[in-house]
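Step one of this worksheet: look at the structure below.
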Amino acid sequence: MELGVCYYPEHWPESRWPEDARLMVQAGLTRVRIGEFAWSRIEPEQGRFDWGWLDRAIDVLHGAGLGIIMGTPTATPPKWIVDAMPDMVAIDRDGKPRGFGSRRHYCFSHTGYAREAARITRAVAERYGSHPGVVAWQTDNEYGCHDTAQSFSSAARAAFRRWLADRYGTALSLNQAWGNVFWSMEYRSFDEIDLPNLTVTEANPAHWLAFRRFSSDQVVAFNRAQVEILRQCSPGRDITHNAMGFYTGYDHHDLAADLDVLGWDSYPLGFLEMFRFSEDDKRRFAHQGHPDIAAFHHDLYRGCARGGRWSVLEQQPGPVNWARHNPAPLPGMVRLWTLEAYAHGAELVSYFRWRQFPQAQEQMHAGLLRPDASPAPALAEARAAADDLATLTGGAPAKQAAVIFSYPAEWMTQIQPQGDGKSALWAAFNCYSALRRLGLNVDILSPDANLDGYALVIVPCLPIVPDALVASLQGFKGEVVIGPRSGSRGDDFAIPPTLAPGKLEQLVAGRVVLSESWRPGLGIEGEGWLATGWFDHLEGEATPDMTGIDGRVACWKHGRVRYAACWPEGSFIEAVVERAARDAGLPAEPLPDHIRHRRRGDTLFAFDYESAEVSITCGKDGSGRGSSADR
Ligand code: GAL
Numbered sequence: 021m022e023l024g025v026c027y028y029p030e031h032w033p034e035s036r037w038p039e040d041a042r043l044m045v046q047a048g049l050t051r052v053r054i055g056e057f058a059w060s061r062i063e064p065e066q067g068r069f070d071w072g073w074l075d076r077a078i079d080v081l082h083g084a085g086l087g088i089i090m091g092t093p094t095a096t097p098p099k100w101i102v103d104a105m106p107d108m109v110a111i112d113r114d115g116k117p118r119g120f121g122s123r124r125h126y127c128f129s130h131t132g133y134a135r136e137a138a139r140i141t142r143a144v145a146e147r148y149g150s151h152p153g154v155v156a157w158q159t160d161n162e163y164g165c166h167d168t169a170q171s172f173s174s175a176a177r178a179a180f181r182r183w184l185a186d187r188y189g190t191a192l193s194l195n196q197a198w199g200n201v202f203w204s205m206e207y208r209s210f211d212e213i214d215l216p217n218l219t220v221t222e223a224n225p226a227h228w229l230a231f232r233r234f235s236s237d238q239v240v241a242f243n244r245a246q247v248e249i250l251r252q253c254s255p256g257r258d259i260t261h262n263a264m265g266f267y268t269g270y271d272h273h274d275l276a277a278d279l280d281v282l283g284w285d286s287y288p289l290g291f292l293e294m295f296r297f298s299e300d301d302k303r304r305f306a307h308q309g310h311p312d313i314a315a316f317h318h319d320l321y322r323g324c325a326r327g328g329r330w331s332v333l334e335q336q337p338g339p340v341n342w343a344r345h346n347p348a349p350l351p352g353m354v355r356l357w358t359l360e361a362y363a364h365g366a367e368l369v370s371y372f373r374w375r376q377f378p379q380a381q382e383q384m385h386a387g388l389l390r391p392d393a394s395p396a397p398a399l400a401e402a403r404a405a406a407d408d409l410a411t412l413t414g415g416a417p418a419k420q421a422a423v424i425f426s427y428p429a430e431w432m433t434q435i436q437p438q439g440d441g442k443s444a445l446w447a448a449f450n451c452y453s454a455l456r457r458l459g460l461n462v463d464i465l466s467p468d469a470n471l472d473g474y475a476l477v478i479v480p481c482l483p484i485v486p487d488a489l490v491a492s493l494q495g496f497k498g499e500v501v502i503g504p505r506s507g508s509r510g511d512d513f514a515i516p517p518t519l520a521p522g523k524l525e526q527l528v529a530g531r532v533v534l535s536e537s538w539r540p541g542l543g544i545e546g547e548g549w550l551a552t553g554w555f556d557h558l559e560g561e562a563t564p565d566m567t568g569i570d571g572r573v574a575c576w577k578h579g580r581v582r583y584a585a586c587w588p589e590g591s592f593i594e595a596v597v598e599r600a601a602r603d604a605g606l607p608a609e610p611l612p613d614h615i616r617h618r619r620r621g622d623t624l625f626a627f628d629y630e631s632a633e634v635s636i637t638c639g640k641d642g643s644g645r646g647s648s649a650d651r
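Our numbering applies: residue 21 is where the sequence shown begins, and numbers increase by one.
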């Protein structure tokens with residue numbers, strides 16, 4: 021695994037660049053990611069390019085021995101482009117334009133902007149495509165960040181109508197697929213169909229699902245246009261993009277199919293603060309991050325990536341500027357996060373960013389250097405991680421348990437939660453966390469992935485079940501857990517004629533005849549578990565596996581398949597997962613809740629997210645020097 025850093029030479033005087041490059045190498049870094057926001061400096065006016073500074077910056081970095089990951093600058097279209105075509109900006113859900121003055125203000129469907137993006141991509145790729153210092157390309161920056169995957173512009177509406185015509189052929193078949201007879205929503209032609217944002221009450225969920233799919237396809241197409249240019253102008257270099265945490269605005273399986281390496285941006289403290297963790301966890305792990313945040317994304321994106329190649333393109337090095345509260349990592353955390361990425365198989369960890377810029381939006385965001393160029397604590401930690409890495413030997417991760425997740429599943433639970441917070445993504449996170457608390461290696465897979473080699477597969481919440489998954493589950497020899505809402509919808513959001521779990525009925529040996537969602541405080545209490553949030557009433561041949569003291573069945577079993585009838589959360593899903601893992605013959609041992617394990621090759625990594633200092637012994641003689649078998 022390489023270590024790298026995100027660097028903005030345009031922020032600093034040219035006379036400083038050689039010293040920066042020297043310090044990077046001294047810190048053990050071998051990669052530097054540049055250029056993704058530099059459009060206004062590369063092309064200050066339409067057609068007038070200023071390559072000189074970037075040529076020199078690349079030469080300095082390359083000369084110091086660093087490999088360059090070059091960004092295409094399309095996330096920050098400069099003012100002159102917006103002035104030349106004001107309708108290129110995205111329109112938000114309330115119908116308001118997204119103004120100039122930050123970033124990501126473009127609409128994915130605007131053909132004029134698509135031409136500009138292709139033009140600048142080609143210009144940069146032609147200039148540096150065969151430069152020996154450029155080892156990889158990053159397209160754009162964080163597609164969808166700041167809620168930008170969807171745009172409600174007239175360009176998006178026109179493109180959506182074309183997309184619908186391709187998918188459904190006739191307005192009549194769209195009406196039938198969506199059930200538009202309901203509330204007299206029938207259309208006579210595709211030209212009558214608007215975007216689903218400004219309806220009086222909720223729009224038809226099928227309409228929203230189509231728009232989510234369309235918006236995702238627009239992101240994928242925008243990216244693909246850049247990838248094609250980069251492949252032409254810079255053959256042999258990897259192409260990557262940086263995905264985000266807990267973000268589902270586009271289908272990452274689709275995007276990653278066009279990339280060589282899928283990157284993601286890891287901000288464990290920011291994510292803990294901003295996402296749905298308990299107040300207790302937010303306090304307890306404020307300086308470490310919840311023990312599953314980074315790992316969940318490592319495993320999710322490894323599962324999305326073509327050939328399993330993934331990296332961390334941005335790693336938090338200190339406080340960020342964008343969360344509600346922005347604490348500093350504990351001493352040692354940056355090193356721990358780096359090694360954890362290694363344990364999960366990353367090819368690169370790149371810290372964001374080299375030096376804290378004293379102006380503009382991110383002036384409070386840490387770097388490896390402080391604004392005055394003195395070293396911030398993470399610089400020494402990067403060096404320590406580089407030294408650690410030099411002693412590690414790699415090896416393939418052991419296959420144990422898999423969690424199935426799809427992006428459309430999350431879109432559907434967002435569109436129609438049917439109960440506060442019932443999200444497929446968080447159902448997957450909870451299952452992942454439960455498996456990890458048993459010390460297991462977990463892969464997060466798409467529904468059409470190969471299940472060979474796993475002992476346990478969990479389908480936490482998958483409303484649309486592709487035929488490929490039914491077939492692979494039927495042939496699968498290990499234990500299976502299927503969660504609520506799985507198989508509960510067809511491709512256009514209709515309840516299947518045979519009711520949920522639809523195509524999974526045979527495996528589950530039951531049908532869901534009623535689904536309820538429950539407010540906090542309601543639940544089924546069992547021995548050592550409490551099942552909450554949701555309750556599917558199942559009828560069929562399956563036998564009760566976990567029955568509450570009031571006689572209600574929270575989990576069913578048929579052969580090696582369990583059906584979790586309550587929401588996959590809390591002590592309930594922990595109990596289900598533990599039973600399934602034991603039946604699967606996995607070495608499942610509950611760990612303290614701040615410890616996580618990861619097996620790679622013959623190495624067992626143990627990561628302790630507790631803030632207290634502890635001493636440990638390992639190895640047969642307790643010397644701390646285990647043999648390779650018990651290390
Ligand atoms: C990321 C983004 C970076 C920077 C960083 C700050 O989302 O890609 O450009 O803004 O956050 O944490």
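For each residue, glycine too, the CB sits at the ideal point set by N, CA and C.
- Across the structure, His82 and Gly153 are spaced so that their CA atoms are roughly 5 Å apart.
- Pairing His385 with Arg233, the inter-Cα distance amounts to about 34 Å.
- In this structure, Phe128 sits near Phe242, with a CB-CB distance shorter than 8 Å.
- Distances taken from the Cβ of Asp114 to the heavy atoms of the ligand GAL include none shorter than 7 Å.
- For Asn346, the CB stays at least 7 Å from every heavy atom of the ligand GAL.
- When DSSP states are grouped into helix, strand and coil, Leu86 belongs to the coil group.
- Rounded to the nearest angstrom, the gap between the Cα atoms of His364 and Trp549 is 31 Å.
- Residue burial is scored here from C-beta neighbours: Pro98 has at least 16 other C-beta atoms within 10 angstroms and is therefore classed as buried.
- Within a 10 Å sphere around the beta-carbon of Gly414 sit fewer than 16 other beta-carbons, which makes this residue exposed.
- Judged by their CB atoms, Trp183 and Ser254 are not nearer to each other than the 8 Å cut-off.
- If you look at Cys451, you'll find it in the alpha helix (DSSP H) that goes Ala444 to Arg456.
- Judged by beta-carbon spacing, Leu445 lies within the 8 Å limit of Glu430, meaning their Cβ atoms are closer than that value.
- Closer than 7 Å to some heavy atom of the ligand GAL: that describes the Cβ of Phe372.
- Secondary structure note for Glu598: its alpha helix (DSSP H) is the uninterrupted segment Gly590 to Asp603.
- By the criterion of a C-beta distance shorter than 8 Å, Arg403 is surrounded in its chain by Gln46, Ala47 and Gly48, once the five residues flanking it on both sides are discounted.
- For Thr623, no alpha helix (DSSP H) encloses it; the enclosing beta strand (DSSP E) starts and ends at Thr623 to Asp628.
- Rounded to the nearest whole angstrom, the C-alpha separation of Arg147 and Gln246 is 15 Å.
- If you draw a 10 Å sphere on the C-beta of Trp203, you find fewer than 16 other C-beta atoms in it, and that means exposed.
- DSSP places His317 in the helix class (H, G or I) of the three-state scheme.
- Less than 8 Å separates the beta-carbon of Ala58 from that of Pro93.
- With a 10 Å radius around the Cβ and a threshold of 16 neighbouring Cβ atoms, Lys523 comes out buried.
- In the three-state reduction of the DSSP assignment, Trp228 falls in the helix class.
- Approximately 17 Å separates the beta-carbon atoms of Val340 and Thr358; this is outside 8 Å, ruling out the contact.
- For Gly495, the enclosing alpha helix (DSSP H) stretches over residues Asp487 to Gly495.
- The C-beta separation of Arg53 from Ile89 comes to about 4 Å, placing the pair in contact by the 8 Å criterion.
- Relative to the ligand GAL, Trp284 has its C-beta separated by 7 Å or more from all heavy atoms.
- Ser331 is bridged by DSSP to Gly283.
- In terms of Cα proximity to Ala104, the closest of Val239, Asp114, Gly91 and Phe120 is Phe120.
- Cys575 has its CB no nearer than 7 Å to any heavy atom of the ligand GAL.
- The three-state secondary structure of Gly72, taken from DSSP, is helix.
- As the crow flies, the alpha-carbon of Ser535 is around 6 Å from that of Phe555.
- The beta carbon of Ala143 lies closer than 7 Å to those of Phe69 in the same chain, with the five residues before and after it left out.
- Distance from the Cα of Asp407 is smallest, within the candidate group Leu356, Arg344 and Ala175, for Leu356.
- In this structure, Tyr287 has its beta carbon less than 7 Å from a heavy atom of the ligand GAL.
- Within the segment 390-436, the complete alpha helix (DSSP H) segments of 4 residues or longer fall at 397-410 and 427-435, listed in chain order.
- By a beta-carbon distance limit of 8 Å, Pro351 does not contact Ile313. Their separation comes to about 19 Å.
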